[in-house]
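Structure first, commentary second.
In full-length UniProt numbering, the protein residues as written are 1 to 231.
Pasting the structure below:
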């Protein structure tokens, strides 16, 4: 059976048939948006075509997820067809929107913008802060708290290892602390399968791709444009 981004085609089709289900498997691990012109690499990971092009810039390009060398890739035709035929609810206005239209819808939806802005403010207030020279306090993106047991001071790799060892069978829906710390992350989103989300989204470092040097206004604007479109 064909595998797309770590999920079988049957699993994707099942989730796509229910507009209220978790659609995180349709989200690119680099830009954290619904796949656009998805391609799948020889190591089995899926990206937007434009995001893959960014990965190809270094002299020795590697996969953003597993760090394997990038040699060839193919269009993820079945995945793109599922995106074209699937819908999800906008978390701002609640309207059912085609996944292929979700980016443009959320950019224009005032209720969605209010939803994200409120979430960003809440996260900024609750997230432990560190101080950078000449910049003042910023959200802590270096250590995280386990959303299951509140174990603290885990770096990204430590959080993945901790959850793998202690919470692999925990079915509770929780907020991903890594995504919530990102400028575009949705701090209100509870992943339906957090363990699977960790394995697929957080086995590489965002520091490779992310510029954190942004003020609060820019953070909010990036959140509006690049927030997770999971449902």
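C-beta atoms are modelled at their ideal positions from N, C-alpha and C, and glycine is treated no differently. Computed from a prediction, not measured in an experiment: that's the story for all the values here.
| Check | Outcome |
| --- | --- |
| Environment of residue 156 [buried if 16+ CB atoms lie within 10 Å] | buried |
| Close beta carbons around residue 55, own chain, < 8 Å, minus the five adjacent residues each side | 30, 47, 61, 62, 63, 64 and 70 |
| Inter-residue Cα distance where the pair is residue 67 and residue 73 | 15 Å |
| Residue environment, residue 167, which counts as buried when at least 16 other CB atoms sit within 10 Å | buried |
| Best match in 189, 191 and 149 for proximity to residue 162 [C-alpha to C-alpha] | 149 |
| From 50, 44 and 147, residue whose alpha carbon lies closest to that of residue 189 | 147 |
| Coil, strand or helix - residue 70 by DSSP | coil |
| One or two residues paired with residue 38 in a DSSP bridge | 48 |
| Coil, strand or helix - residue 86 by DSSP | coil |
| Nearest-angstrom Cα separation, counted from residue 176 out to residue 116 | 15 Å |
| Collapsed DSSP secondary structure at residue 160 in the structure displayed | helix |
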